[in-house]
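According to our numbering, the sequence shown is numbered sequentially starting from 82. Notes follow the structure.
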Amino acid sequence: MTILIIEDEKLAANRLRGLIETIDHTVEIVGMLDSIKSTVIWFETNQQPDLAFFDIQLADGLSFEIFDQVKVNCPVIFTTAFDEYALRAFKVNSIDYLLKPVDSEELKRAMDKYQHLHLSKNEEQVNQSTNISSPVMDKVLQMLTKSYKNRFLVRAGEHIKTISVDQINFFYSMGKATFLNSSENKEYDIDYTLEELEVLLNPEHFFRINRKYIIAMKSIKDIVNHSNSRLKLRLINSTDEEIIVSREKVTAFKSWLDQ
């Protein structure tokens with residue numbers, strides 16, 4: 082069985098690959114892609130895999146766009162950080178979906194489901210399972226769009242106030258705490274991890290550049306080439322601390338800037 086993985090987080094992609102190969106050591110991973118652009122090119126120039134894993138949210142957009150740009154005939158299993166309620170709308174149109182972090186037992190069940198369809202030789206059933214209709218896609222896109230946060234509740238001494246996402250320059254973690262920096266150059270601690278914020282923030286406006294920072298596009302003052310193929314940023318209201326785009330994030334970061 083040949084499998085294609087589309088996942089823009091390198092650690093998540095490698096973990097998924099490891100889980101797949103543990104479940105079935107005979108599989109061949111024919112590609113690991115991290116963007117809509119690279120996936121479209123891959124499908125245009127390669128034979129269809131037996132099965133593909135699609136992360137929904139990629140650095141350059143939602144993976145649904147791939148289906149609009151190129152023919153995908155293989156069965157698809159979606160991986161996503163969004164909860165099952167948002168995904169019910171299209172579950173019946175794919176082989177399955179897996180919530181991240183991917184659980185090995187859930188992964189095995191999804192792969193068994195594919196094997197059952199494949200061995201049944203019911204080509205129509207397999208094709209139907211990957212036929213994502215436009216109304217379904219529109220509904221999911223609407224749900225995903227609605228899921229982005231518009232504001233954060235913060236504490237300011239004895240007071241509680243809201244900060245609009247339009248007023249946020251960046252988020253950063255320090256130890257086990259997470260802080261946001263506002264346009265007024267004030268910092269507030271918030272009850273979210275950076276991993277949770279990645280799901281809650283609109284990826285058109287925010288990008289996680291490394292393990293410590295999520296930045297807003299509008300906060301970037303300057304970008305400078307740095308050592309080891311990395312980038313150094315100057316942000317609005319940032320301190321003297323060097324803010325570096327990690328090497329594995331540079332390509333996706335440039336794509337994000339070029340949208």
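Cβ coordinates follow ideal geometry from the N, Cα and C atoms, glycine included.
query	result
Three or more C-beta pairs below 8 Å linking the region 266-273 and the region 291-308	no
Reduced DSSP category for Arg-61 - H, G, I as helix; E, B as strand; rest coil	This structure does not reach residue 61, given that the chain is present from 82 up to 340, and the question cannot be answered.
Buried or exposed by the 16-neighbour rule on C-beta atoms within 10 Å, applied to Thr-276	Correcting the residue type first, residue 276 is Glu in the shown sequence and not Thr. Flag for Glu-276 reads exposed.
Status (buried if at least 16 other CB within 10 Å, exposed otherwise) for Leu-86	Here the sequence assigns Ile to residue 86, which means Leu is not the residue at that position. Ile-86 is buried by the Cβ-count criterion.
DSSP state of Met-192 mapped onto helix, strand, coil	helix
Under the three-state DSSP convention, the category Ile-254 falls into	The question names Ile, but residue 254 is Ser in the sequence shown. In the structure shown, Ser-254 sits in a strand (DSSP, three-state: E or B).
Continuous beta strand (DSSP E) stretch holding Arg-236: start and end	232-237
Environment of Arg-315 [buried if 16+ CB atoms lie within 10 Å]	exposed
Alpha helix (DSSP H) segments (min. 4 residues) lying fully within the region 84-156	91-104, 117-126 and 145-150
Element boundaries [alpha helix (DSSP H), containing Val-246]	Taken as a continuous stretch (DSSP letters only), Val-246 belongs to no alpha helix (DSSP H), as it is neither H nor E.
Val-331: first and last residue of the uninterrupted alpha helix (DSSP H) it sits in	331-338
Glu-186 versus Thr-320 - alpha carbon distance	45 Å
Coarse secondary structure for Val-326, derived from DSSP in three states	strand
N-terminal and C-terminal residue of the beta strand (DSSP E) that Leu-281 is part of	Taken as a continuous stretch (DSSP letters only), Leu-281 belongs to no beta strand (DSSP E), being part of the alpha helix (DSSP H) at 275-281.
Residues that Ile-158 bridges to, as DSSP identifies them	Phe-134 and Asp-177
Classification of Asp-177 by the beta-carbon crowding that lies within 10 angstroms, buried from 16 upward	buried
Inter-residue Cα distance where the pair is Trp-337 and Glu-285	7 Å
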